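Asker: Quick one: the structure is below, questions incoming.
Number of protein chains: 2
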Amino acid sequence: MVRTNAFYAQSGGVSAVINASASGLLQTARQRSGKIGKVYAGRNGIIGALTEDMIDTSVESEAAIAALKHTPGAAFGSCRYKLGSIHEHRAQYERLIEVFRAHEIGFFFYNGGGDSQDTAYKVSQLAAELAYPIVCVGIPKTIDNDLPITDCSPGFGSVAKYVATSLREAALDLAAMSRTSTKVFTMEVMGRHAGWTTAACALAGEHEGDAPHILLLPEVAFNEKRFLAKVEEALERHDHCVIAVSEGVKGPDGEFLSALGLKDSFGHAQLGGVAPVISNLISTKLGCKCHWAVPDYLMRSARHIAAETDVEQAYAVGRAAVEFAIAGRSSVMPAIRRLSDAPLSLGHHRGAARRGGQSREAVALRLHQRRRLRDHRGGPPLFGATHRRRSLSAI
Amino acid sequence: MVRTNAFYAQSGGVSAVINASASGLLQTARQRSGKIGKVYAGRNGIIGALTEDMIDTSVESEAAIAALKHTPGAAFGSCRYKLGSIHEHRAQYERLIEVFRAHEIGFFFYNGGGDSQDTAYKVSQLAAELAYPIVCVGIPKTIDNDLPITDCSPGFGSVAKYVATSLREAALDLAAMSRTSTKVFTMEVMGRHAGWTTAACALAGEHEGDAPHILLLPEVAFNEKRFLAKVEEALERHDHCVIAVSEGVKGPDGEFLSALGLKDSFGHAQLGGVAPVISNLISTKLGCKCHWAVPDYLMRSARHIAAETDVEQAYAVGRAAVEFAIAGRSSVMPAIRRLSDAPLSLGHHRGAARRGGQSREAVALRLHQRRRLRDHRGGPPLFGATHRRRSLSAI
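Protein chains in written order, with this note's numbering: chain A, 163 to 557; chain B, 163 to 557.
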């Protein structure tokens, strides 16, 4: 194989650990400099390729590349941009080839969620449809944890830790105030179509009766009567009630609750926010004081409280992507495979780490598989996720 | 002085470090057991005294008392409850004396903000007006940082660290997304009548042009035209705009912006939230995609990211309260005095700590003084606050 350069870009909503994947990829590429030349990072995802706006990472210091592992945000800029089909938007793909050829790009790495893997798959068609030889590898990332086949998605573990920690702290605050003031606290959680991040709020509780008392998942239609009965029950038992609600909760009519008729003073529909809607409902119907929080970007960007397992997994999928590419495996995405269902205690984990034991591993997932299997997954969230550390290895 | 027992209680909105004050007070009281007997903690503030619902802390282990220093919430429960005047509500004060006498309470410690210091002052009148000998010491606490005379309020430093860290992380997220998606991010900050917590968001930026680009303080009337011009200017210069807004921002008419006509689907006025109002305004007038966050309780309860200086100061005022009480100084509150205006660099600080140097110290503030000087303070926030460590000692 001729030594060629690589293109790497970040796409979709940012996570707290997407730069750890960049760090894993760039450090590994440098170690394999006999196989990969320069790595160019696209500014703002695939748009950086289309506009030939690329950052030559080879001029960055080792320290700067290492520091990416603990840098929040998306260091090279992200984008929400979908490539059209290769048949209907041929000119766009020819432009990509023009840029790739000018920079001798033979490897394409795309770091993102479901839509980003779709982009990686489409770029991989350059090789077959337009006879431009390129090895394409997708790198998983999404806080929503809704990528199929991979056991979990880098970005999710950190959000799980953030929401569980934050909700527990806020619940202690509420419990101290409820006798004479606020009785109900509602926290809104990202994940419009998948309830994993909301379900992760359950990690805040250790014992029966601990907060959160109610979870509202986007997969379950909101039932006002049943919900209010549960709030009353929590108030009766605990004198306060903590609720985690997904931004994507829908009413029985299939409409988002967040859009339920909130108008500002100008009569414009109000932007987002289901937590205030839920709070208002409780306040109106049950007559108690409510507080609500919408952490929004704070939740997904909170590198200060990222989960160590998540950082290591994000780094490992970046590293695995390079290994796969060098092995000539195109149109694949490194995935995380579960090797054990028993969450490891810290003691067990240490033993396992010493013995080189692992509860997860990376496997190559063919990108077209994930397209077929988009709706394949389900079941309860993996509460053990944030208890595991250094459990991923690339094979 | 006869050895008598003590009553300690927590009051008002919870901070991330109020339990550190409890830890400082209880540990010091144990060390001075020749002067102070048992410390009873009131459940839910002064209500615990009125209802004789008190926790005997002497049965708690040393480890449990030490652990309070890093425990979120208010361990003994807080309250929002104002004592009436001793002349109009004599029966309530007689009830206090009844309970205090039954438990041989000779020391009263009340841990809270402005209203709580008022309660401590009123209880201190028992001695003079009802001839019940009691030494009363207030312990400062408020995230709003609006207690007079004391240089800063325990609780504020941690909120400052939380908002600055969170806003910086979210700003990096926004900067990565703004090319193709969200352009404006608005974070709402607690502090209805004081802008210190909002101003602390400025700590998120290091260089000219860094986020936040706009701060909306409760002390400055909102001017829609000027505000939108500033948003447009930020978008022009940086392609994105980060805004921190106080929950207490008011329009030119003196009304809270958060109450500006938001109605839910039932026509009820919407609960709180000025960030969505600001976002809606920008989205409507400038036509760009906006995100907003309202961290609410998450902000003030975030023990996971508490500022070390704040923890130490909270502990020190708890310790100082006991020393003052033993010295017979009644109707006082330990306050923090600034000894230097130069924020200490980490290197300087280490040197200072080794030499025993301090930039702040505790002084006794007479409780009636804070009543007179309620509106005394002003000026810019103390940005150096969170850079200082172990800078308080009780004198």
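C-beta atoms are modelled at their ideal positions from N, C-alpha and C, and glycine is treated no differently.
This structure is a prediction, so every number in the text was calculated from the model and none was measured.
1) Check whether the Cβ of B/C241 lies closer than 8 Å to any Cβ atom in chain A.
2) Hey, could you find the ends of the beta strand (DSSP E) B/F194 is sitting in?
3) Looking only at DSSP bridge pairs, what is A/Q172 linked to?
4) What are the boundary residues of the alpha helix (DSSP H) that A/P438 is part of?
5) Can we say the stretch 441-454 of chain B touches the stretch 311-321 of chain A, given the rule of at least three CB pairs closer than 8 Å?
6) Whole angstroms are fine: how far does the CA of B/K303 sit from the CA of B/G275?
7) Are the beta-carbon atoms belonging to B/L212 and B/A184 less than 8 Å from one another?
8) Taking C-beta pairs closer than 8 Å, name the residues in chain B that A/I467 reaches, listed in chain order.
9) Tell me A/E350's beta-bridge partners as DSSP assigns them.
10) Taking A/G300 as part of the beta strand (DSSP E), name the residues at either end of that continuous run.
11) For A/H103, go through chain B and note every residue whose CB falls closer than 7 Å to its CB, in chain order.
12) Around the Cβ of A/G490, are there at least 16 other Cβ atoms within 10 angstroms (buried) or fewer (exposed)?
13) Alpha carbon to alpha carbon, what distance is there between A/A171 and A/A362?
14) Counting only Cβ pairs nearer than 7 Å, list the residues of chain B close to A/V176.
15) So A/R462 contacts chain B; which residues on that side make the cut at Cβ distance below 8 Å?
16) Buried or exposed, going by whether 16 or more other CB atoms sit within 10 Å of the CB of B/A373?
17) Just verifying my parser: in three-state terms, what is the DSSP assignment at B/V179?
18) With distances taken Cα to Cα, identify the nearest neighbour of B/L288 among B/D277, B/A253, B/G317 and B/I301.
19) Buried or exposed for B/V382, going by 16 or more other Cβ atoms inside 10 Å?
20) Is the beta carbon of B/A182 closer than 8 Å to that of B/R462?
21) What does A/K364 touch in chain B if you count any residue whose Cβ is under 7 Å from its own?
22) Please tell me whether B/P302 has its Cβ less than 8 Å away from any Cβ of chain A.
23) Run through chain B and tell me which residues come within less than 7 Å of A/I227, C-beta to C-beta.
24) Chain B partners of A/I209, CB-CB under 8 Å?
25) Put A/D335 into one of helix, strand or coil per three-state DSSP.
26) Using a beta-carbon distance below 8 Å, is B/A332 in contact with chain A?
27) Is DSSP giving A/L288 helix, strand or coil here?
28) Under 8 Å between C-beta atoms, does A/P414 make it to chain B?
29) For A/T327, would you say it is in contact with chain B, using Cβ-to-Cβ distances shorter than 8 Å as the test?
30) Given A/T233, which residues of its chain have a CB within under 6 Å of its CB, disregarding the five upstream and five downstream residues?
31) Hey, is B/P374's beta-carbon within less than 8 Å of any beta-carbon in chain A?
32) Can the beta-carbon of A/G480 be found less than 8 Å from the beta-carbon of A/I301?
33) How about B/F486: is its Cβ closer than 7 Å to a heavy atom in the ligand NAP?
34) On the premise that B/G410 lies in contact with B/P380, defined as a C-beta separation below 8 Å, what is that separation, rounded to the nearest angstrom?
35) For A/A396 versus A/M349, is the C-beta spacing smaller than 8 Å?
36) Check each candidate in A/A264, A/G435, A/Y477 and A/N273 and name the one with the smallest Cα separation from A/M495.
Answerer: This is what the structure holds:
1) yes
2) The residue you asked about is not Phe; residue 194 of chain B is Arg in the sequence shown. Here B/R194 belongs to no beta strand (DSSP E), and DSSP marks it neither H nor E.
3) A/N273
4) A437 to L448
5) no
6) 5 Å
7) no
8) Around A/I467, the beta-carbon contacts reaching into chain B at under 8 Å are H466 and I467.
9) Answer is A/V407.
10) V297 to P302
11) Since the first residue of chain A shown is 163 and the last is 557, residue 103 of chain A is not available in this structure.
12) exposed
13) 29 Å
14) D335, A338 and M339
15) D335
16) buried
17) coil
18) B/A253
19) exposed
20) no
21) Per the sequence presented here, residue 364 of chain A reads as Ala, with Lys not at that position. None at all; the shortest Cβ gap to chain B is about 17 Å.
22) no
23) One finds nothing in chain B with a Cβ atom closer than 7 Å to the Cβ of A/I227; even the nearest lies about 18 Å away.
24) R341 and T342
25) helix
26) So yes, B/A332 belongs to the interface.
27) helix
28) no
29) Chain B places a beta carbon closer than 8 Å to that of A/T327, counting this residue as a contact.
30) N181
31) no
32) yes
33) Absence of the ligand NAP is noted for the structure shown, with no ligands found whatsoever.
34) 3 Å
35) The beta carbons of A/A396 and A/M349 sit no closer together than 8 Å.
36) A/N273
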